[in-house]
Amino acid sequence: MVSEALLEELEVLESIYPTELQRISDTALDIEAEEDDPLEGYPTMNYPEAYPDVLPEIELAVVDGELTESEIGALIQDLLAIGEENLGMAMTFTLVSHLREQLSKLSRSKKQEQDRIEKELERLALEEEEAKTRGTPVTLESFRAWKAKFDKEMGSKKAQEEDEKLKGLTAKEREEYKKAQQRLSGRQLFERNKNLDTQDEALIEEGTVSVDISQYERTREEEEQDEGITFSDSD
1 MVSEALLEEL
11 EVLESIYPTE
21 LQRISDTALD
31 IEAEEDDPLE
41 GYPTMNYPEA
51 YPDVLPEIEL
61 AVVDGELTES
71 EIGALIQDLL
81 AIGEENLGMA
91 MTFTLVSHLR
101 EQLSKLSRSK
111 KQEQDRIEKE
121 LERLALEEEE
131 AKTRGTPVTL
141 ESFRAWKAKF
151 DKEMGSKKAQ
161 EEDEKLKGLT
171 AKEREEYKKA
181 QQRLSGRQLF
191 ERNKNLDTQD
201 EALIEEGTVS
211 VDISQYERTR
221 EEEEQDEGIT
231 FSDSD
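In structure tokens:
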């Protein structure tokens with residue numbers, strides 16, 4: 001049985017989102033979260049009979065852009081926390097608006113990180129070209145040293161962002177989120193590092209140059225022969 005309050009809310013939502021909203025059933029709907037953003041998601045809302053005194057069931061499907069499972073889980077947990085603050089009231093519009101804002105922030109953050117990586121790779125490529133003229137190669141070890149430093153900085157930044165997210169959750173939600181984050185991040189870190197190692201080696205090996213030191217060094221035997229010639233000339 002659909003409540004009158006839910007029917008009224010759905011009518012309002014259909015007027016706000018005439019093209020973005022799709023009714024799945026009397027108690028479920030999809031809404032396009034953002035059509036102009038590189039990250040585009042569809043939250044699915046399933047409304048229990050006791051809604052809005054209880055939270056709707058929320059699922060999130062990403063149709064454009066890339067989000068990890070942990071990022072999707074964090075977005076859903078964030079929405080549930082917002083929902084807790086709005087129990088007893090129509091909350092769908094608030095949830096969708098918040099999701100759009102978070103997707104936009106996440107998109108900008110990913111873009112900034114990608115830009116930073118690309119600039120750093122350009123800098124390393126320039127250093128490699130300069131090193132070729134000096135006969136000094138950019139090694140895989142030096143690249144990995146930078147990568148380790150970069151990952152550490154990004155890890156600290158992400159940790160700060162996670163702390164801000166966790167502030168809005170209850171103790172139970174924080175515990176569940178941390179468990180899910182740890183479980184997912186381990187697998188994803190392994191896969192990402194495995195791919196990066198392959199890419200790093202290919203990048204460095206492609207532009208590595210070597211120097212034949214023997215071309216610039218004289219052996220002790222040659223030096224002694226030259227010295228002998230000098231002494232005989234003086235005689």
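1 is the number of the first residue of the sequence shown in the UniProt record's numbering; add one for each residue after it. All residues carry an ideal CB built from backbone N, CA and C; glycine is no exception.
A straight line joining the alpha-carbon of residue 106 with that of residue 70 spans about 13 angstroms. Taking every protein chain shown into account, the CB of residue 133 has fewer than 16 other CB atoms within 10 angstroms, so this residue is exposed.
Assigned with DSSP and collapsed to three states, residue 44 falls in strand. In the displayed model, residue 163 falls within a helix according to three-state DSSP. Spatial neighbours of residue 79 in its own chain (CB-CB distance under 7 angstroms, excluding positions within 5 residues in sequence) are listed in chain order as 58, 95, 98 and 99.
In the structure shown, residue 169 adopts coil according to DSSP, grouped into three states. In the structure shown, residue 151 falls within a helical segment according to DSSP collapsed to helix, strand and coil. Ranked by Cα distance from residue 111, the first of 53, 10, 175 and 65 is 65. When 30, 81, 22 and 12 are compared, the shortest CA-CA separation from residue 165 is found for 81. DSSP places residue 12 in the helix class (H, G or I) of the three-state scheme.
Between residue 84 and residue 55, the CB-CB gap stays under 9 angstroms.
DSSP, reduced to helix, strand and coil, places residue 66 outside both helices and strands of the structure shown, so it counts as coil. DSSP places residue 25 in the uninterrupted beta strand (DSSP E) bounded by 21–25.
By the C-beta density criterion, residue 145 is exposed, having fewer than 16 other C-beta atoms within 10 angstroms. Going by beta carbons, residue 102 and residue 75 fall inside the 9 angstroms limit. Excluding the 5 residues flanking it on each side, residue 53 has same chain C-beta neighbours closer than 7 angstroms at 87 and 88, in chain order. Counting along the chain, residue 30 sits inside no alpha helix (DSSP H); it lies in the beta strand (DSSP E) bounded by residues 28–31.
Under the three-state reduction of DSSP, residue 57 is assigned to strand. Collapsing the DSSP output to three states places residue 2 in coil.
Counting along the chain, the unbroken alpha helix (DSSP H) around residue 130 starts and ends at 92–134.
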